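From first to last, the protein sequence lines stand for chains E and L. With the first letter of the first sequence counted as 1, position 293 gets the number 273 in our numbering; the numbers rise by one all the way through. With the first letter of the second sequence counted as 1, position 14 gets the number 398 in our numbering; the numbers rise by one all the way through. Each remark here refers to the structure printed beneath this line.
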Amino acid sequence: MEIQKQLKSHGAWVGKWTFILAATGSAVGLGNIWGFPYKAGTNGGGAFVLIYLGCIVVIGLPIMISEIIIGRRSGNSPINAMRKVAIDSGHSSAWQFVGWSGIFAGALILSFYSVIAGICLNYVVIAASSSGVISASEEFSNVISSPINLLFWHTIFMVLTALIVAAGVKDGIGRMVKILMPMLGFLMIFMVMYSMINGDFNKAMTFLFAPDFSNVTSDTVLQAMGQAFFSLSLGMGSIMAYGAYMPKDQDVTSTSFTVASLDTLIAILAGLAIFPIIFAFNLEPGSGPGLVFVSMLSAFNQMQFGQLIGPLFFILLSIAALSSSISLLEPGVAYLSEEGVLSRRRAAEIISFFVWLLGVGSALSFNIWSDFHLISERNFLDSMDFLANQILLPLGGMLIAIFVGWFMKESLIKDEIGAINPVIYSLWRFFVKFIAPTCVAYIFLSQIF
Amino acid sequence: MSLDVSCARKIKEKMNINTIKSTYGYIGFIPFAFFSIIPWIFGGSISQTAIIFQLAYGSIIITFLGGMAWGWRDNQDKQIFNLSMGIFYSLVGCSILLLTYFNYVLLALLISVVSFQSFYYFERSTQDFKKRDEDYKKFRKMLSLLVAISFLISSAYWINPYSNPIT
Chain E
-19 MEIQKQLKSH GAWVGKWTFI LAATGSAVGL GNIWGFPYKA GTNGGGAFVL
31 IYLGCIVVIG LPIMISEIII GRRSGNSPIN AMRKVAIDSG HSSAWQFVGW
81 SGIFAGALIL SFYSVIAGIC LNYVVIAASS SGVISASEEF SNVISSPINL
131 LFWHTIFMVL TALIVAAGVK DGIGRMVKIL MPMLGFLMIF MVMYSMINGD
181 FNKAMTFLFA PDFSNVTSDT VLQAMGQAFF SLSLGMGSIM AYGAYMPKDQ
231 DVTSTSFTVA SLDTLIAILA GLAIFPIIFA FNLEPGSGPG LVFVSMLSAF
281 NQMQFGQLIG PLFFILLSIA ALSSSISLLE PGVAYLSEEG VLSRRRAAEI
331 ISFFVWLLGV GSALSFNIWS DFHLISERNF LDSMDFLANQ ILLPLGGMLI
381 AIFVGWFMKE SLIKDEIGAI NPVIYSLWRF FVKFIAPTCV AYIFLSQIF
Chain L
385 MSLDVSCARK IKEKMNINTI KSTYGYIGFI PFAFFSIIPW IFGGSISQTA
435 IIFQLAYGSI IITFLGGMAW GWRDNQDKQI FNLSMGIFYS LVGCSILLLT
485 YFNYVLLALL ISVVSFQSFY YFERSTQDFK KRDEDYKKFR KMLSLLVAIS
535 FLISSAYWIN PYSNPIT
């Protein structure tokens, strides 16, 4: 009865595809587009992809299923969901710490993610109007050296995120993912087709998929494990919050599998869209902001119809960023509104304001605060990244796996997971009990030390 | 009672036939997929051969599809038009083969994309198709789309300056 009441206050997804689109949108972010293809290409190509898929099965999927089970069981935000399920399983309500940690990590990530996503928005304009007179690296330096410019686009991006989340689960997030995700898919296919026709597609295929097992080391396995964990938006409460709005008749296992498959597919398509262009213009393949803001812009400046293709590419990046950012804001907003502390709209405004304020520090760390170090030798942005991605997320993911694997009542799990092949269920239990926590602990320790 | 049993058997047979049709249909798609992927994986001279094989296979299939019109119910609306269109698609199949023979590979590929997709729209407009069950309709739509995509992938390979086997 209480669960139904809470669901009513947040709303629920309409149709089974809304959750899939929302969770895929949350998982597919800038990291997939500018990180996965390069990691794959430099770590053994097809060999890395195979190891990564294995890691998705033994780490990513078990934790994702666990998050959805907890979220849907309670129908609440991650904090209340963890507390409620822990109490229902006869354990301490202190497990709500996992929810707090996720929400806090999400807010920290959103603060600098919004600055980077703001640069993507800025590049839509830059790519459309770039004459090629200024080199791409000079253009990037100009962009990041201007605090006003960074803050302007950071503000625009945060306002967009807040507006969508404030509008609610059904009318805001649900409606937007139904528009954004097909648009992302269409743009991605268009970019791949463009690269197929004009880029050095064969070289990109070899770079991404030709298996080279001689390149596989223990570091490759660690990279694949990290990619499998971080790319699915785990440990930050987003999937748990989205799971709370999932219809009861939707199958958790197959839905999680679909989300993980779509996430991987988009990351591979991103590689097939970017690297043929990079190779065609004899640019060095790389990852991160350097790849998209310098190398890609340089290619767009040189290519035919670059002023049309370039903006489309940066619109694609911005959509991917926006679909992730709304999932980072949602858990906190859901918590404040369900507690009755604030209305949903007010909660979105207030959390967004604090996140924006934190983001100011990240924006300034590109220029006037570049020498300011917060945690050891890290600047403000890197410190936020360190706290969220290297400490809170692995900790959250590990605790979620431990909770579901060792503490959550099995009857509650079976109730949520529904009819499932007993072999698959046993395998999932084994992975979530032993493999996933161990691997995430390994990722956590390797990042710290 | 025996009427019910006979009805049930007929429904079951119909369901089976649709499953068999879609299975055969997807098996028939395998060569399209195979020949369109081979060039991207192996490149070199084998790529040209693979694309020519794909075109030859496609020309046979589109000719076969055109011939299907002869088997449709004679007393349906516009059946004379349907027969003419069937002949047209069979001739398109022959022309794809001729264009390939005379080395107009790109033109043949583009005609293949258009002809497979347009044949689906033509078939969809017939009275008989409207009476088909939903699964068959979905299967036909998906199969036509997949075949068209396979030809698009090969067209991209042929247009791409880094992979075109002629240049």
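C-beta atoms are modelled at their ideal positions from N, C-alpha and C, and glycine is treated no differently. Please read these numbers as outputs of a predicted model, since none were measured by experiment.
Classification of residue i by the beta-carbon crowding that lies within 10 angstroms, buried from 16 upward
| i | result |
| --- | --- |
| E/P402 | exposed |
| E/N182 | buried |
| E/E264 | exposed |
| E/W75 | buried |
| E/A190 | exposed |
| E/M(-19) | Any reading at E/M(-19) must be qualified, since the residue scores a pLDDT of 43, below 50, and its modelled position is unreliable; no value is offered. |
| L/Y485 | exposed |
| E/W(-7) | buried |
| E/E119 | buried |
| L/Q438 | buried |
| E/P311 | buried |
| E/K(-12) | Model confidence at E/K(-12) stands at a pLDDT of 46, short of 50, so the residue's coordinates are unreliable; what they give is reported in the following sentence. The residue in question, E/K(-12), is exposed, as its Cβ has fewer than 16 Cβ neighbours within 10 Å. |
| L/Y408 | exposed |
| E/N369 | buried |
| L/C478 | exposed |
| E/R53 | buried |
| E/E318 | buried |
| E/I169 | exposed |
| E/K64 | buried |
Residue i at chain L interface by Cβ criterion, 9 Å
| i | result |
| --- | --- |
| E/K(-4) | no |
| E/R180 | The residue asked about is misnamed: residue 180 of chain E is Asp in this sequence, not Arg. At least one chain L Cβ lies under 9 Å of E/D180. |
| E/M185 | yes |
| E/A147 | no |
| E/M173 | yes |
| E/A260 | yes |
| E/I248 | no |
| E/M378 | no |
| E/I48 | no |
| E/I13 | no |
| E/M176 | yes |
| E/K(-15) | Any reading at E/K(-15) must be qualified, since the residue scores a pLDDT of 48, below 50, and its modelled position is unreliable; the value itself is stated next. So no, E/K(-15) is outside the interface. |
| E/M(-19) | Residue placement at E/M(-19) is flagged as unreliable, the pLDDT there being 43, under the threshold of 50; the coordinate-derived value follows with that caveat. No, its Cβ sits nowhere closer than 9 Å to a Cβ of chain L. |
Any chain E beta carbon closer than 9 Å to residue i
| i | result |
| --- | --- |
| L/A532 | no |
| L/P545 | yes |
| L/A540 | yes |
| L/I435 | no |
| L/I422 | no |
| L/L536 | yes |
| L/G427 | yes |
| L/F523 | no |
Supposed close pair residue i, residue j - CB separation, criterion 8 Å
| i | j | result |
| --- | --- | --- |
| E/T462 | E/L242 | Absent from the model: residue 462 of chain E. The displayed extent of chain E is -19 to 429, so no value can be given. |
| E/V435 | E/I45 | This structure does not reach residue 435 of chain E, given that chain E is present from -19 up to 429, and the question cannot be answered. |
| E/I299 | E/L140 | Actually they do not touch by this definition, with Cβ atoms about 11 Å apart. |
| L/L493 | L/F535 | 5 Å |
| E/S345 | E/F360 | 4 Å |
| E/P374 | E/F424 | 4 Å |
| E/S303 | E/V95 | Going by Cβ atoms, the distance from E/S303 to E/V95 rounds to 17 Å, so no, they are not a contact pair. |
| E/M171 | E/F293 | 6 Å |
| E/L130 | E/I124 | 7 Å |
Identity of the residues DSSP links to residue i by a beta bridge
| i | result |
| --- | --- |
| E/R358 | E/I355 |
Exercise for review: At 4 residues or longer, and completely inside the region 11 to 95 of chain E: list those alpha helix (DSSP H) runs for me, N to C.
Suggested key: Runs of the alpha helix (DSSP H) inside the region 11 to 95 of chain E: 16 to 22, 26 to 35, 41 to 54 and 58 to 68.
Point to revise | Whole runs of the beta strand (DSSP E) within the region 398 to 439 of chain L, excluding any shorter than 3 residues | key: Fully enclosed beta strand (DSSP E) runs of 3 or longer: not present.
Review point. Residue ranges of each alpha helix (DSSP H) run of no fewer than 4 residues wholly in the region 152 to 182 of chain E, ordered along the chain?
Key: Those alpha helix (DSSP H) runs which fall completely within the region 152 to 182 of chain E and span 4+ residues are 155 to 178.
Practice item. Kindly provide the ranges of any alpha helix (DSSP H) runs that are 4 or more residues long and lie completely inside the region 103 to 135 of chain E, ordered along the chain. Key: Within the region 103 to 135 of chain E, the runs of alpha helix (DSSP H) at least 4 residues long that lie entirely inside it are, in chain order, 116 to 125.
Point to revise | Whole alpha helix (DSSP H) elements within the region 211 to 263 of chain E, 4-residue minimum | key: Taking only runs of at least 4 residues, the alpha helix (DSSP H) segments lying wholly in the region 211 to 263 of chain E are 218 to 223 and 232 to 260.
Practice item. Could you pull out every unbroken alpha helix (DSSP H) segment of at least 4 residues lying fully inside the region 516 to 546 of chain L, listed in chain order? Key: Unbroken alpha helix (DSSP H) stretches of 4 residues or longer found wholly inside the region 516 to 546 of chain L: 518 to 543, given in chain order.
Point to revise | Completely contained alpha helix (DSSP H) runs for the region 446 to 522 of chain L, where each covers 4 or more residues | key: Within the region 446 to 522 of chain L, the complete alpha helix (DSSP H) runs of at least 4 residues are 463 to 485, 489 to 508 and 511 to 515.
Check your understanding: At which residue ranges does the region 274 to 353 of chain E contain complete alpha helix (DSSP H) runs of 4 or more residues, listed in the order of the chain?
Key -> Counting whole runs of 4 or more residues, the region 274 to 353 of chain E contains the alpha helix (DSSP H) stretches 277 to 282, 286 to 318 and 324 to 344.
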